[in-house]
Every structure is written in structure tokens, then in C-alpha cells.
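Below is one structure, written out as C-alpha cells; the observations come after it.
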Amino acid sequence: MKRSDEHFKEALKLIPWGTQTNAKRPFPAFDETMPKYIERGKGCRIWDIDGNEYIDFRLALGPITLGYCYDEVDDAVRKQMEKGVLFSMASPIELDLARLINQTIPNAEMVRFMKTGEDANICNIRIARAYTGRDMILTCGYHGYPDWFATEESPKNGVPAFMKEYAKVIPWGNCEIAELLIRQYHERIAAVISIPYDMNEDVSGNFIRHLRKLTKEFGILLVLDEVWTGFRLALGGAQELFNVEADLVGYAKAFANGYPLSAFVGNRQYMEKLNDFKMTTTYAGETLSIAAAIATLTIMKREKVHAHINAMGKRLMSGFNDIAKSLGVEGYAAGLPPAAFLKINTPDQSYNALLEYLWFRELLREGVFVILRWFISYSHKEADIDEALEKAKRALKRALDAASKERGKVTPFYW
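For the sequence shown, this note's numbering assigns the number 2 to the initial residue and increments by one for each residue that follows.
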């Protein structure tokens, strides 16, 4: 990792963190095994600047749905590039993508584009507040960096302390606290914004359906943050998977295969509130990302993309169970197939954390790039899953040996 380390030292002189994204900051606990810079990717593989190859299960934090440098998507981008990237008026392909989303998501009666998940989520909050005339929101899960979603660390993070009065936090999955807050503040609440799935063992969808019931009861808008789950868990996202419809929904990541684009969608009566005020950005209609999204969604609708992702995820989960059994590990595969994980389940929680840390450290050494959840793309084939499982077994065996020696020591905090 010599080139990687040297590059990082130089980057720190000019770039806070040495990177642009918090989740892409190097983990000190993995310093000897985690690459700091990725130079290229193809399919489900990535290569760092030192030339090391990895089977990637992180997928750029979620946006890579089909695979890196997916030919049909990149060809569509190159074709659009010949026409232009940004114009003095709207591009006709904006309507093409809006129609495609409308045909894919039942409650996407109207559609607007932005660039990031934060953009989409904050736009939905603005609409909800404008429509209801109320100021307070309840949040559940991570929705990005805007002030409304960052009150817990106020004021050290630059968010005014008074914002805490207007944004209350629901712990994900806690129906009791959700109901308590909604009943207490319902006359002031414009919206409840929540992620629909917390990438944990609860795959029932009961929590989000309960939020839907409560918000309808009190005339509060339900905003779903499908930045990660949308177009990944199913073609219709978590709404389809869990059979729930929100009033407004934010999408990003998965539907443009890595190109920067997000969308906020919803029922016409709410979206038309945009006729009363301005909420806009110059690059929302940038055509290359829109062309990429059209190509990505077209492929998803034409081919059995989600069936494949789920099949590969189930193959991985079955492999986890076999590995755990063969090595005598108290653990099992958990979560949904597109983002499964091995749940290490001994009575000793500190040991579980230690073993998990050591396993991920050794996985990186084996050339398997993964942190916590194993994201699956359309480019992961059976051979890739089987190769990763072979490496995962070797890595876990070494981790078990190391854990037996280090048990009782403080486990490094690595995420």
C-alpha cells in the first residue's frame, strides 16, 4: 500500500479528511489492509492505486447497481455527451426519465430531479412544511448533512441549537417512541421522514407500516428516504417490498449506476406545492446522469436484475451459514439478500465485535472489499460469490485464531 499511503499524506495537506465522503475515510484499525484510493473498476471488481484487485461488496456505498463501467449505461452517456451536458433550457430527456419513474413507482405522480440524496430528502421536507404550514419534523435514520437532519450534534457541528425544538429523533424500529412523539406533537408535525429498512435483522417492514398508520391518523405526511433502498431492494424499492406507500419519497444512488442523480417524487397534491415557491438548482437537469438513469432503469425493467441480485445474495447467505457451521462459529446469515451479513451471535458481545473486526480486516487482505454489509450488484456472478466465500472462510479461520489470543482486549472502533 506504499503508493496509497504516500498519496494520502499529500492529500491531507489540501483536503480535509483526505477524501470527499465521510464513509470513504480510511479506517485506522484497517491501516495495513484497507486501500485508501481506488483507481478503476469493472463489473464487480475494483483495483487500488497499488494494483491490488478486490471483489467489491461495498459498491461505492450503494450506487453501483449493475456493475462498474457497465457498457450499455456508459454507451448511453457517451451518446448524450455528443449532444451536450447542460443547456440554457430543459432537455427533452428529463421527461423521458420522469415517465420511466412514473411507470415504475405507483405513487410517483410527479417527479423532480436533484443531484444527491440529501437534496432529495430536504426538498421533500420543504414541500411537507409548505403544504401543512407546520414547522416540526420527526426523523428516523440518516438522511444526510442538512441542518434538519443533524440536530443531535448541535451546536458543535454548526447547526443552531434552536433547531432541536423543530426536529425530534425516533430510534429506528421503536414503535413506542414514534407513537409517543406523534401523539404529543401531532399538531406541529409536518412530516415524519424515515428510512424504510435499517439493514438489520428486522426484515418485516412492520415499523414503516406502523409509521404509515400513525401519520394517516394524524394528517402528517410520511416521507420515505429510499436513497439506498430505492431500485435496489426491488424494482419498486422498499415501498414495493414492504407494501407501503408514502406521500413523498427521495431516491438516489441505485438508479443511475454511479452517475450523480437523485429524485424526489410523490402525490400530485403535494408536488404541485412547488408552484408556490422556488426550490431549484442549475445542475438538476444535467443530461449525462439522466441518460445513465434511463439506461439503468431500462435494463432493470428488461432483464431480471433484481431476481439475480436476490439469488446471488441468497447464495452468499447460504455460504455464510456453511462457513459458520464448518468452523464452529456461533452465527448465521441475516438481513435481506441484497445487503446480507454474518451475524456473530455468541453471548459475549465484546468477543463478537472483536471477531467481526478481525474478519473484515482479513477479508481485505484476501482481496474482498466489504465493510459490515455485503452489497450485491448485477455483475456479481456465481463464480464471484463462490470465490468470495472461499476467501471469507480463510479469512474467518485466521480471525478466529487471532481472536482467541486477543480476547478481552479493547476492540478497535472501526466504523
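Even glycine gets a Cβ: it sits at the ideal position worked out from N, Cα and C. Predicted, not measured: the structure shown is a model, and the values here were computed from it.
A residue is called buried once 16 or more other Cβ atoms fall within 10 Å of its Cβ, and K37 is buried on that count. For T140, the beta-bridge partners assigned by DSSP are V170, I194.
Inside the region 231-278, DSSP marks whole beta strand (DSSP E) runs of 3 or more residues at positions 249-252, 263-267, from first to last along the chain.
Bounds of the beta strand (DSSP E) holding L225 are 222-227. About 5 Å separates the beta carbons of D385 and C45, which is inside the 8 Å limit, making them a contact pair. In the DSSP assignment, K382 falls outside any alpha helix (DSSP H) and carries neither an H nor an E. Pairing K3 with D51 gives a Cβ-Cβ distance under 8 Å.
Measuring C-alpha to C-alpha distances from V371 to each of T20, F31, S5 identifies F31 as the nearest. Counting C-beta pairs closer than 8 Å gives three or more between the region 127-139 and the region 271-282, which meets the contact rule. In this structure, V74 keeps its C-beta atom at 8 Å or more from the C-beta atom of T288. G118 and G259 do not touch by the CB rule: their CB atoms are close to 14 Å apart, not below 8 Å. At a Cβ-Cβ threshold of 8 Å, L212 and V193 count as neighbours. With 16 or more other Cβ atoms from the protein chains shown falling within 10 Å of its own Cβ, K254 counts as buried.
Straight across, the Cα-Cα distance linking N207 with I171 is about 15 Å.
In this structure, I123 lies near P147, with their beta-carbon atoms less than 8 Å apart. Distances from the alpha-carbon of N175 to those of M111, I196, E188 put I196 closest. Annotation note: the region 84-172 contains the following uninterrupted beta strand (DSSP E) runs of length 3 or greater, listed N- to C-terminal: 111-115, 137-141, 168-170. For I39, the three-state secondary structure derived from DSSP is strand. Closest by C-alpha distance to E188, out of Y167, A403, E202, N201, is Y167. Rounded to the nearest whole angstrom, the C-alpha separation of L67 and G314 is 14 Å. Between V245 and I102 a beta carbon distance of about 18 Å is seen, past the 8 Å cut, so the two are scored as non-contacting.
Within the region 287-354, the complete alpha helix (DSSP H) segments of 4 residues or longer fall at 288-303, 306-328, listed in chain order. Sequence-distant partners of G142 (beyond 5 residues in either direction) whose C-beta falls short of 7 Å from its own C-beta, in its chain, are W173, S195, I196, D199, D226. Residue burial is scored here from C-beta neighbours: A389 has at least 16 other C-beta atoms within 10 angstroms and is therefore classed as buried.
Distances from the alpha-carbon of E218 to those of V78, I300, R184, T282 put R184 closest. The bridge partners DSSP lists for V369 are I56.
In the three-state scheme derived from DSSP, where H, G and I count as helix and E and B as strand, Y186 is classed as helix.
The C-alpha of Q81 lies about 36 Å from the C-alpha of G368. Taking a contact as a CB-CB distance under 8 Å, the pair K116 and A285 counts as one, their CB atoms being some 7 Å apart.
In this chain, D32 is not harboured by any beta strand (DSSP E), its DSSP state being neither H nor E.
Exclusion of the five residues before and after E180 leaves L215 as the residues of its chain whose Cβ lies within less than 7 Å of its Cβ.
Here Y333 really is in contact with A325; their C-beta atoms are around 6 Å apart, less than 8 Å.
Boundaries of the alpha helix (DSSP H) around D6: 3-15. Contact check for E241 against A335 fails: the beta carbons are separated by 8 Å or more.
Following the DSSP letters along the chain, one finds R79 in no beta strand (DSSP E) but inside the alpha helix (DSSP H) bounded by residues 72-82. With respect to the 8 Å criterion, A121 and S263 are classified as neighbours on the basis of their beta carbons.
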